[in-house]
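Engineer:
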Amino acid sequence: MTKNNKQQNDEDIELEIKFLVSSNKISSIKDKILKIPNISYEGKFYEKVTMYDNDSKSMDIEDARLRVKQVSVEKDTPESKVEFSYKRRIKAVGGIKEEEEVETAFDTDINSFVKIINKMGYQPTTSYERYRETYLTRDIKVTLDQFPFGYILEVEGNEDSIKNICNLLNLDFKKSYPLSCDDVYVDLCKKKNLKVKDHILFDDPKMPQLIKD
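Using this note's numbering, read the sequence shown as starting at 10 and increasing by one per residue.
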């Protein structure tokens, strides 16, 4: 492996930690986030995220995801940005997940872009909606996601920065959630004896909810 290739691969590795947040603690956690030194609020956006795979189940075999994310100010807003990414789980240690992620963002007609993906043999498998609020410092990203089933807080950065932010927010590493938002939904459905659906949507009247603390 050349030095340039190794450097590129290192840059594609991200560390993150997730926490489930009950709805009655959202206001409190936002106040704590805004008290983090030198943090900036980047806004709130609606996101529709769709996963794709081929007939050979290449993504499933790799424990990876090929994702198309449509980002807009509000749901059903015609103006939107597209983010296209490949994401693969590597490991999780002490609540912190290590993942490989390659992502690009651009403005395009979403329907035409999806047709290209389909022509390459990839079809949609699952999807979810969320509203994402993003906060940034020089070396950390904090996101607060509102899913149809509840809220998830994510901290992304290097290991020391993640631990520092979690301490500032009074978050217990032992209470972190090591899996994906889809896994949260599946767990909730199993607890409620509900059928697991491929698409996690706000307009689903039978959507299970995270229990308040």
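Quick reminder that beta carbons are idealized off the backbone N, C-alpha and C, glycines included.
Which residues share a DSSP beta bridge with L162?
Structural biologist: If you number the sequence shown from 1, residue 162 lands on position 153. Answer is F28, L153.
Engineer: Could you compute how far the alpha carbon of E88 sits from the alpha carbon of P217?
Structural biologist: What you label residue 88 is simply residue 79 of the sequence shown in a count that begins at 1. What you label residue 217 is simply residue 208 of the sequence shown in a count that begins at 1. In a straight line, the C-alpha of E88 is about 31 Å away from that of P217.
Engineer: Determine whether the beta carbon atoms of E108 and E168 lie at a separation below 8 Å.
Structural biologist: Taking the first residue of the sequence shown as 1, we reach residue 108 at position 99. Taking the first residue of the sequence shown as 1, we reach residue 168 at position 159. No, the pair does not count as a contact, with Cβ atoms beyond the cut-off.
Engineer: Can you find the residues in the same chain that come closer than 6 Å, C-beta to C-beta, to N5, ignoring five residues on each side of it along the sequence?
Structural biologist: This structure cannot speak to residue 5, because the chain is shown only from 10 to 222.
Engineer: Assess, as a yes-or-no matter, whether the region 135-143 is touched by the region 43-57 under the definition of 3 or more beta carbon pairs within less than 8 Å.
Structural biologist: Cβ pair count under 8 Å is three or more, so yes.
Engineer: Out of D85, T146, A73, point me to the one whose CA is closest to I45's CA.
Structural biologist: The residue labelled residue 45 in the question sits at position 36 within the sequence shown. Answer by Cα proximity: T146.
Engineer: If you draw a straight line from the alpha carbon of Q17 to that of K201, how long is it in whole angstroms?
Structural biologist: In the sequence shown, counting from the first residue as 1, residue 17 sits at position 8. In the sequence shown, counting from the first residue as 1, residue 201 sits at position 192. Bear in mind that a pLDDT of 42 at Q17, under 50, signals an unreliable position, so the model cannot answer this.
Engineer: Excluding five sequence neighbours on each side, which residues of the same chain lie with their C-beta closer than 6 Å to the C-beta of K78?
Structural biologist: Locating residue 78 in the sequence shown gives position 69, where the first residue counts as 1. Excluding positions up to five away in sequence, the list reads E56, V58, E92.
Engineer: Whether or not the region 111-118 and the region 163-183 are in contact is what I'm after, with contact meaning three or more pairs of Cβ atoms, one per stretch, closer than 8 Å; do they touch?
Structural biologist: The region 163-183 vs the region 111-118: no contact.
Engineer: Let me know the secondary structure DSSP gives K205 once reduced to three states.
Structural biologist: As a first step, residue 205 is located in the sequence shown; it is residue number 196 there, counting from the start. Per the sequence shown, residue 205 should be read as Val rather than Lys. Coil.
Engineer: Could you give the distance in angstroms between the alpha-carbon of P187 and the alpha-carbon of F122?
Structural biologist: Translated into the one-based positions of the sequence shown, residue 187 becomes position 178. Translated into the one-based positions of the sequence shown, residue 122 becomes position 113. Their Cα atoms are separated by approximately 32 Å.
Engineer: Starting from the N-terminal side, write out each stretch of the alpha helix (DSSP H) that is 4 residues or longer and does not extend beyond the region 56-133.
Structural biologist: Here the runs fully enclosed are 67-71, 119-128.
Engineer: Considering only residues of the same chain and omitting the five flanking positions on each side of I177, which have a CB-CB separation below 6 Å?
Structural biologist: In the sequence shown, counting from the first residue as 1, residue 177 sits at position 168. The residue you asked about is not Ile; residue 177 is Leu in the sequence shown. Taken in chain order, the residues that qualify are I45.
Engineer: Which two residues bound the contiguous alpha helix (DSSP H) that contains L177?
Structural biologist: Counted from its first residue, the sequence shown places residue 177 at position 168. L177 -> alpha helix (DSSP H) spans 168-177.
Engineer: Could you tell me the alpha carbon to alpha carbon distance between T152 and I174, rounded to whole angstroms?
Structural biologist: Start at 1 with the first residue of the sequence shown, and residue 152 comes out as number 143. Start at 1 with the first residue of the sequence shown, and residue 174 comes out as number 165. About 12 Å.
Engineer: Taking all protein chains shown into account, do 16 or more other C-beta atoms lie within 10 angstroms of the C-beta of G159, making it buried, or fewer, making it exposed?
Structural biologist: Numbered from its first residue, the sequence shown carries residue 159 at position 150. Classification for G159: buried.
Engineer: Give every residue of the same chain whose Cβ lies closer than 7 Å to the Cβ of S185, excluding the five residues on either side of it in the sequence, and list them in chain order.
Structural biologist: Taking the first residue of the sequence shown as position 1, residue 185 is located at position 176. Within the same chain, S185 has close Cβ partners I26, K27, F28, G104.
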